[in-house]
Amino acid sequence: MDAMTRETPEAKALLSRHGEALALFTDRVHAVRPDQWDAPTPCAGWSVRELVNHLAVEQLWVPPMLDGASVADLGDSLDGDLLGDDPVATWDDAAAAALTAFAAPGALDRTTRLSQGPTRADAYCAQMTADAIVHAWDLSRAIGADEHLPKALVDFARREVEPYADSLAATGLFAAPVETPSGADAQTVLLAQLGRRA
Numbered sequence: 001m002d003a004m005t006r007e008t009p010e011a012k013a014l015l016s017r018h019g020e021a022l023a024l025f026t027d028r029v030h031a032v033r034p035d036q037w038d039a040p041t042p043c044a045g046w047s048v049r050e051l052v053n054h055l056a057v058e059q060l061w062v063p064p065m066l067d068g069a070s071v072a073d074l075g076d077s078l079d080g081d082l083l084g085d086d087p088v089a090t091w092d093d094a095a096a097a098a099l100t101a102f103a104a105p106g107a108l109d110r111t112t113r114l115s116q117g118p119t120r121a122d123a124y125c126a127q128m129t130a131d132a133i134v135h136a137w138d139l140s141r142a143i144g145a146d147e148h149l150p151k152a153l154v155d156f157a158r159r160e161v162e163p164y165a166d167s168l169a170a171t172g173l174f175a176a177p178v179e180t181p182s183g184a185d186a187q188t189v190l191l192a193q194l195g196r197r198a
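Going by the UniProt record's numbering, 113 is the number at position 113 of the sequence shown; the sequence numbering is gapless.
Listed below in structure tokens is the structure:
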């Protein structure tokens, strides 16, 4: 994909999907009851709190990464549980910071220094968007909320992960893909590619 600015249709579409994905996850975070923070999630070994912390930390990485920082520059400053005593407020602040950073003029044209090497900021935003979409489903299942994902977000996430879905299990961050039943809908296929059973 060529470099994009906020004014191009591609950039507007990406920022829209990013905003929608974070809004969906935000809705689910606000639905977590006090007694659910320690509940298990579809992400092996993660509680609801650990899942929300993972997403919050990912958002907190965005502003410094877009400002040119490297993983080494940040060191362990964003390690551990950063949710504090008010996980919902911490999530809201982190999500707002990421939204603002990606929407800044020229932000999507930059190159970030991620752990896997130099990465275009628009590709970084797309990866973050897909991650938020899938984890919104994880959180929904964990707390008993509506698990249906909007079609536009499912379609976006499938386009994003399709090129590398088969290699994700090797990273250790994803379960191996699971078989999908004949005639499975797009959401079921997406989740199966990422090791989840709908």
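Glycine included, every Cβ here is placed at the ideal spot set by N, Cα and C.
It should be emphasised that the depicted structure is a prediction, and the values quoted were computed from it without experimental measurement.
For Arg-196, does the count of other Cβ atoms within 10 angstroms reach 16, so buried, or fall short, so exposed?
Translated into positions along the sequence shown, residue 196 becomes position 196. So Arg-196 counts as buried.
Beta carbon of Leu-22 nearer than 8 Å to that of Cys-125:
Counting from 1 along the sequence shown, the entry for residue 22 is found at position 22. Counting from 1 along the sequence shown, the entry for residue 125 is found at position 125. Not a contact, by the Cβ cut-off of 8 Å.
Give me the Cβ distance between Ile-133 and Leu-153, rounded to the nearest whole Å; I'm assuming they're in contact under 8 Å.
For the purposes of this step, residue 133 is identified with residue 133 of the sequence shown, where counting begins at 1. For the purposes of this step, residue 153 is identified with residue 153 of the sequence shown, where counting begins at 1. 5 Å between Cβ atoms; contact.
Work out the CA separation of Lys-151 and Ala-3 for me, nearest whole Å.
Counted from its first residue, the sequence shown places residue 3 at position 3. Counted from its first residue, the sequence shown places residue 151 at position 151. Here the model assigns Ala-3 a pLDDT of 45, short of 50, so the residue's position is not dependable, and the following value carries that caveat. Rounded to the nearest angstrom, the two C-alpha atoms are 26 Å apart.
Around the Cβ of Ser-182, are there at least 16 other Cβ atoms within 10 angstroms (buried) or fewer (exposed)?
What you label residue 182 is simply residue 182 of the sequence shown in a count that begins at 1. Counting Cβ neighbours within 10 Å, Ser-182 comes out exposed, since fewer than 16 surround it.
Any idea what DSSP makes of Pro-150, helix, strand or coil?
In the sequence shown, the residue the question calls residue 150 occupies position 150. Note: Pro-150 maps to coil in three-state DSSP.
Gln-116 classed as buried or exposed, judged by whether at least 16 other C-beta atoms fall within 10 angstroms
Numbered from its first residue, the sequence shown carries residue 116 at position 116. With fewer than 16 other Cβ atoms within 10 Å, it is exposed.
For Gly-19, which residues in the same chain have their Cβ closer than 8 Å to its Cβ, ignoring the five residues on either side in sequence?
In the sequence shown, counting from the first residue as 1, residue 19 sits at position 19. Correct list, in chain order: Leu-99.
Going straight from the alpha carbon of Arg-49 to that of Ala-130, what length do you get?
To locate residue 49, count along the sequence shown from 1; it is residue 49. To locate residue 130, count along the sequence shown from 1; it is residue 130. If you take the alpha carbons of Arg-49 and Ala-130, they lie about 20 Å apart.
Out of Asp-166, Gly-144, Asp-73, His-135, point me to the one whose CA is closest to Leu-24's CA.
The residue labelled residue 24 in the question sits at position 24 within the sequence shown. With distances taken between Cα atoms, Leu-24 lies closest to His-135.
Give me the DSSP bridge partner(s) of Thr-117.
As a first step, residue 117 must be located in the sequence shown, where it is residue number 117. A small fix is needed here, since residue 117 is Gly in this sequence, not Thr. In DSSP, Gly-117 forms a bridge with Leu-114.
According to DSSP, simplified to helix, strand and coil, what is Pro-40?
The residue given as residue 40 occupies position 40 in the sequence shown. Here Pro-40 sits in strand by DSSP.
Apply the 10 Å Cβ neighbour rule to Ala-77 and answer buried if 16 or more other Cβ atoms are within range, or exposed otherwise.
Translated into positions along the sequence shown, residue 77 becomes position 77. According to the sequence displayed, residue 77 carries Ser and not Ala. By the 10 Å Cβ count, Ser-77 comes out exposed.
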